[in-house]
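Just so you know, we're using the UniProt record's numbering here: the sequence shown kicks off at 1 and counts up by one. By construction, the Cβ of each residue, glycine as well, lies at the ideal position given by its N, Cα and C atoms. These numbers come from a predicted model, not from an experiment.
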Amino acid sequence: EVYFKNLAKQKQKEIMEKNGNNHKLRVCVATCNRADYSKLAPIMFGIKAEPQFFELDVIVLGSHLIDDYGNTYRMIEQDDFDIHTRLHTIVRGEDEAAMVESVGLALVKLPDVLNRLKPDIMIVHGDRFDALALATSAALMNIRILHIEGGEVSGTIDDSIRHAITKLAHYHVCCTRSAEQHLIAMCEDHDRILLAGCPSYDKLLSAKNKDYMSIIRMWLGEDVKTRDYIVALQHPVTTDIKHSIKMFELTLDALISFNKRTLVLFPNVDAGSKEMVRVMRKKGIEHHPNFRAVKHVPFDQFIQLVAHAGCMIGNSSCGVREVGAFGTPVINLGTRQTGRETGENVLHVRDADTQDKILHALQLQFGKQYPCSKIYGDGNAVPRILKFLKSIDLKEPLQKKFCFPPVKDNISQDIDHILETQSALAVDLGGTNLRVAIVSMKGEIVKKYTQLNPKTYEDRLELILKMCVEAASEAVNVNCRILGVGISTGGRVNPREGIVLHSTKLIQEWSSVDLRTPISDALHLPVWVDNDGNCAALAERKFGHGKGIENFVTLITGTGIGGGIVHQHELIHGSSFCAAELGHIVVSLDGPECLCGSQGCIEAYASGIALQREAKKLHDEDLLLVEGMSMKKEEVVSAAHLIQAAKLGNAKADSILRTAGTALGLGVVNILHTVNPSLVILSGVLASHYVNAVKDVISRQALSSVKTVDVVVSNLADPALLGAASLVLDYTTRRIY
Numbered sequence: 001e002v003y004f005k006n007l008a009k010q011k012q013k014e015i016m017e018k019n020g021n022n023h024k025l026r027v028c029v030a031t032c033n034r035a036d037y038s039k040l041a042p043i044m045f046g047i048k049a050e051p052q053f054f055e056l057d058v059i060v061l062g063s064h065l066i067d068d069y070g071n072t073y074r075m076i077e078q079d080d081f082d083i084h085t086r087l088h089t090i091v092r093g094e095d096e097a098a099m100v101e102s103v104g105l106a107l108v109k110l111p112d113v114l115n116r117l118k119p120d121i122m123i124v125h126g127d128r129f130d131a132l133a134l135a136t137s138a139a140l141m142n143i144r145i146l147h148i149e150g151g152e153v154s155g156t157i158d159d160s161i162r163h164a165i166t167k168l169a170h171y172h173v174c175c176t177r178s179a180e181q182h183l184i185a186m187c188e189d190h191d192r193i194l195l196a197g198c199p200s201y202d203k204l205l206s207a208k209n210k211d212y213m214s215i216i217r218m219w220l221g222e223d224v225k226t227r228d229y230i231v232a233l234q235h236p237v238t239t240d241i242k243h244s245i246k247m248f249e250l251t252l253d254a255l256i257s258f259n260k261r262t263l264v265l266f267p268n269v270d271a272g273s274k275e276m277v278r279v280m281r282k283k284g285i286e287h288h289p290n291f292r293a294v295k296h297v298p299f300d301q302f303i304q305l306v307a308h309a310g311c312m313i314g315n316s317s318c319g320v321r322e323v324g325a326f327g328t329p330v331i332n333l334g335t336r337q338t339g340r341e342t343g344e345n346v347l348h349v350r351d352a353d354t355q356d357k358i359l360h361a362l363q364l365q366f367g368k369q370y371p372c373s374k375i376y377g378d379g380n381a382v383p384r385i386l387k388f389l390k391s392i393d394l395k396e397p398l399q400k401k402f403c404f405p406p407v408k409d410n411i412s413q414d415i416d417h418i419l420e421t422q423s424a425l426a427v428d429l430g431g432t433n434l435r436v437a438i439v440s441m442k443g444e445i446v447k448k449y450t451q452l453n454p455k456t457y458e459d460r461l462e463l464i465l466k467m468c469v470e471a472a473s474e475a476v477n478v479n480c481r482i483l484g485v486g487i488s489t490g491g492r493v494n495p496r497e498g499i500v501l502h503s504t505k506l507i508q509e510w511s512s513v514d515l516r517t518p519i520s521d522a523l524h525l526p527v528w529v530d531n532d533g534n535c536a537a538l539a540e541r542k543f544g545h546g547k548g549i550e551n552f553v554t555l556i557t558g559t560g561i562g563g564g565i566v567h568q569h570e571l572i573h574g575s576s577f578c579a580a581e582l583g584h585i586v587v588s589l590d591g592p593e594c595l596c597g598s599q600g601c602i603e604a605y606a607s608g609i610a611l612q613r614e615a616k617k618l619h620d621e622d623l624l625l626v627e628g629m630s631m632k633k634e635e636v637v638s639a640a641h642l643i644q645a646a647k648l649g650n651a652k653a654d655s656i657l658r659t660a661g662t663a664l665g666l667g668v669v670n671i672l673h674t675v676n677p678s679l680v681i682l683s684g685v686l687a688s689h690y691v692n693a694v695k696d697v698i699s700r701q702a703l704s705s706v707k708t709v710d711v712v713v714s715n716l717a718d719p720a721l722l723g724a725a726s727l728v729l730d731y732t733t734r735r736i737y
C-alpha cells in the first residue's frame, strides 16, 4: 500500500513539473440551480481545501438568482464560497421558447466572463439546458471541460442534452459502471473517464446520524413523527408538458386523499413549471393543513427530511439516486427518470393516469424500510475527482479524440454499402410461371418467389399484388430498401404508360392491361413495365456483357424468340413500341407457320415451341428415340428430347437443330446489316446450342464490315428478373432509363 501511495505521489509530482512547478490548476465551477449545487458543493469544498494545487472560481447563473425559486445563491454564500460572477440568464415564461431564449442569453453573457477568468478547466454538471450553454461556450473558447454524471440514461430532453455535453467534454466523471460503459460506447476515451460515484453521496452517507428531529419539526410542524410524513418533488416533463401537468394534478389529489403530512417543493424552472404552480394554488396546497409548500430547502436539511420520511413521491432524480442511500420508499411517477438505475426502494408508476393508481402506490410504499443502496456511490467520490484533476496534463493537445470501435467491411457505411441495400422488386410474367424477386443494386437476387401464372386477368393481377406485398414485407427483414417495381412481360408494351398493348398467345387475357396503376396504388411505389426482350437487354447493359458497350443486341432463345436493341447506350422502343421484335424477322418466304400468323419467322424455326413441334413429329414417326434414350409413357415430348437425340447421333434431330441455328444466324445477319452493333448476346436456355451455328452463318452470309462482330452467350442466370430490376435501379439512382 505504501509503495502504491509513493508511486502515485511521484506521478503527481511529474504532472506538476510538466504543468510548471508554480502553476496551480485554475478550476471554474459553474452552478445553475439547487440540484446541481448539491453535487458540485462537495467538489468545491475539496478544491478549496487544497489551495496549493487549485484556484477556484465560482460562476452562479440560472434559477439560483430568481426569487420564485428561493434565491438559492445565498446557500453558496453561506458555505463561504466567493462568487466571482452572477449571471442573470433565465428568461421568464417557463415555456419551451423561454428555455431556448435562456440558453441564448447565457451564450451571449458567458464569453466575457470566461475571457476574464481564463480557467484551465471548467466543471459542468448534469443535463440542464443551462449546462449546455456552459459547455458550448467553454468548448468554443478552447477551455477544457470536466463533465459530472455523464453516460446516465433518463427520460425527456435531458438525455439529449446530457449526451450533447458529453460530446463537448474532454473529461468525464461518472457515477455507475453502466454510465461508464455508455460513455465508452459513445466513443469517449477510456483514459479520460473516471468512475468516481456521485459526489453528493460523500455527504449523504455521513448525514443520517445528525440531529434530525429539529429539522423535521421546522419544516413540517411540531406534531410530526419520523416515517409519518411524505416529501413530494415533481418537475414538468418538457417533451409532454400537458400530460405532466395533469399527472401533477392527480398526484396532489391522491396526496390529499391519503391524508398524511406532506412537504411539497416547488418544481424547477423548466417549461411547464408555471402551470404546475398554478395547479398547486388552485387546489389550495399552500394553505392546506396537511401540506407545507416551499420553494427551497437547504441540501443538508433536505437529506435529513428524505432520510426519515415515510415516502418520497414525484419524478425528481433525487428520488431514484440520493434517497436510495437511506432506504426510504420512493414512488417514481411517469417517464422523466426512465432508464435510471434504481434500488429496490423505488416503485415505478410509469402510466400515472389515474388518482387511484397513485393512491394505491402510496398505500403500498408508505412507511416501509428498504435496504440502503450504494448504486450511485460509496462516499469517496471527491478524493477520486481531486486526484483525477491533478493528473490532467495541460500540455496535452486540447482537441479531444474519439475512440471509434472497429467497423467490419460488410457493414461499413460507405457509398457502396448504401447502394447495395437499395433494391428493386422485379416481376417476371412468363407463359408458365409468375416470379417476383428482391434484387439488390449489384444484381444479387436476395429473395425469389415463384407461382404458376394464372389463366385469367383477375387471378393474375391478384396474385401479382399478393406476391409483391409479401416480398416488400420481407425486404425489411433482409435490410433492403425497395425503390420501385419493375415488370418484365411478353407482348408489346407501352413503357411510358405501363400498359401491355398486345400479348403473345402464351399469356391469355393480357391485352390492353394497365399494370402500373393498380400495383403502384397498392404498394405506394413507382412501377415500370417493359417487354421481356427489352428487359433482357437492360439486364445485359447493367449486369452482363453489355456493360459499357455503346451498341449491342440481345436475343432471347427460349419458349419464344425475343430481344432488345441498345443503341448509343439507350434502349430502342420504336414509334409504336414494336422495335426489336427479333423473333419475327422473316428468314424464309415459305417457312413454317409462326404463332404471330406469319410464315418463315425465326421463332417458327428456332424457338422452344418450334423445336418441340419438330420433336413430336419425329416421335410420332418413331424417329426420335435412339440408343441411350428412353421416355416414360406419360412423358411429354419437348425440345430437350430433340437436343438429346441430336447429341446421341440422331441425324434427323441434328438436321432440325442445324436448320434452326441457320435461321437464327440469318436473322442475326439481318440485324447486323440493319443496326450494325458491336456485340451480339445470345440469352436463354437454347443459346449455347446455337452460338456456333450463328457464328458460322455470319462468316458465310454477312458483309465483311460486320463479320468481326462478337457473338457471346449470356452469363446471366436470370435476365428477365435482372432486367425488370434494372428498370427501377437505373432510373431511380441515375436517371438513365
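Indicate the three-state DSSP secondary structure (helix, strand or coil) for G574 in the structure shown.
Note: G574 maps to coil in three-state DSSP.
Taking the C-alpha atoms as reference points, what is the distance between L722 and G484?
Note on geometry: alpha-carbon atoms of L722 and G484 lie some 14 Å from one another.
If you check the beta carbons only, do L65 and A30 fall under 8 Å apart?
No; because the gap between Cβ atoms is not below 8 Å, this pair is not in contact.
Out of E635, V637 and M629, which has the shortest C-alpha to C-alpha gap to N650?
Comparing Cα-Cα distances from N650 to each of E635, V637 and M629, the minimum goes to M629.
Taking buried to mean at least 16 other C-beta atoms within 10 Å of its own C-beta, is M631 buried or exposed?
Burial is judged here by how many other beta carbons sit within 10 angstroms of a residue's own beta carbon; M631 has fewer than 16 and is exposed.
Starting from R144, trace the beta strand (DSSP E) in both directions and tell me its first and last residue.
Its beta strand (DSSP E) spans residues R144 to I148.
So which of K505, N380, R541 and P199 has the shortest CA-CA distance to T559?
When only C-alpha atoms are compared, the closest one is K505.
For I59 and V124, the rounded distance between their alpha carbons:
Cα to Cα, the separation comes out at about 11 Å.
At which residue ranges does the region 427-481 contain complete beta strand (DSSP E) runs of 3 or more residues, listed in the order of the chain?
You should have 433-440 and 445-452.
Using a Cβ-Cβ cut-off of 6 Å (strictly less than) and excluding sequence neighbours within five positions of D710, which residues of its own chain qualify?
Closer than 6 Å at the Cβ level, and outside the excluded window around D710, lie L679.
To the nearest angstrom, report how far apart E627 and H641 are at their CA atoms.
Rounded to the nearest whole angstrom, the C-alpha separation of E627 and H641 is 13 Å.
Secondary structure of W510, DSSP reduced to three states
Looking at W510 - three-state DSSP - the assignment turns out to be coil, as it is neither helix nor strand.
So, is E540 buried or exposed, given that buried needs 16 or more other C-beta atoms within 10 angstroms?
Buried: at least 16 other Cβ atoms inside 10 Å.
Would you check if the distance between the CB atom of Q301 and the CB atom of I215 is smaller than 8 Å?
Contact: yes.
In its own chain, which residues sit with a C-beta less than 8 Å from the C-beta of Q568, not counting the 5 before and 5 after it?
In its chain, beyond the 5 residues on either side, E550 and N551 have a beta carbon closer than 8 Å to the beta carbon of Q568.
Helix, strand or coil for Y320 per DSSP?
Looking at the sequence itself, residue 320 is Val, so the reference to Tyr does not match. The answer is helix: DSSP assigns V320 an H, G or I state.
What separation, rounded to the nearest whole angstrom, lies between the Cα atoms of A361 and I331?
Approximately 7 Å between the Cα atoms of the pair.
Which residue from K282, I148 and V478 puts its Cα closest to that of M44?
For M44, the nearest C-alpha among the options comes from I148.
Please state the DSSP three-state secondary structure of D730.
Helix.
Going straight from the alpha carbon of N482 to that of M467, what length do you get?
This sequence places Ile at residue 482; Asn is not what is there. In this model, I482 and M467 are separated by some 14 Å (Cα to Cα).
Identify the residues that DSSP records as bridge partners of E55: which are they?
In the DSSP output, where bridge partners are listed per residue, E55 has R26.
Which value, in whole angstroms, describes the spacing of the CA atoms of E458 and S503?
In a straight line, the C-alpha of E458 is about 16 Å away from that of S503.
Does DSSP put L117 in a helix, in a strand, or in coil?
In this structure, L117 counts as helix in the three-state DSSP scheme.
Sheet register partners of D710 (DSSP bridge)
For D710, which the question treats as bridged, DSSP gives the partners L679.
V436: which of L461, N670, D130 and A660 sits nearest, CA to CA?
When each option's Cα is compared against that of V436, the closest is L461.
Straight-line Cα distance separating H545 from N715
Note on geometry: alpha-carbon atoms of N715 and H545 lie some 8 Å from one another.
Would Y690 pass as a contact of A615 if the rule is Cβ separation under 8 Å?
In this structure, A615 does not lie closer than 8 Å to Y690 by Cβ.
Reduced DSSP category for E593 - H, G, I as helix; E, B as strand; rest coil
DSSP places E593 in strand when its eight states are reduced to three.
Have a look at L515, N453, L250 and L265 and flag the residue whose alpha-carbon is nearest the alpha-carbon of I230.
Residue L265 is the option with its Cα nearest to I230.
Check whether the region 169-176 and the region 132-147 are in contact - that is, three or more C-beta pairs closer than 8 Å.
In short, these stretches touch, since the Cβ pair count reaches three.
Between which two residues does the beta strand (DSSP E) containing F404 stretch?
Boundaries for F404: no beta strand (DSSP E) harbours it, and the DSSP string shows neither H nor E there.
Rank S154, I303 and V439 by C-alpha distance to the C-alpha of S219 and give the top, closest one.
Position check: residue 219 holds Trp in this sequence, whereas Ser was assumed. Measuring from the Cα of W219, the nearest candidate turns out to be I303.
Mapping the DSSP letters down to three states, classify N670 as helix, strand or coil.
Helix, per DSSP.
Anyone know if the C-beta pair for I698 and V668 falls short of 8 Å?
The answer is yes: Cβ separation under 8 Å.
To test your reading of the DSSP string, which unbroken beta strand (DSSP E) runs of 3 or more residues are found completely within the region 60-131?
Listed in chain order, they are 83-87 and 121-125.
Would you list the residues sitting across from C198 in a DSSP beta bridge?
C198 is not bridged to any residue.
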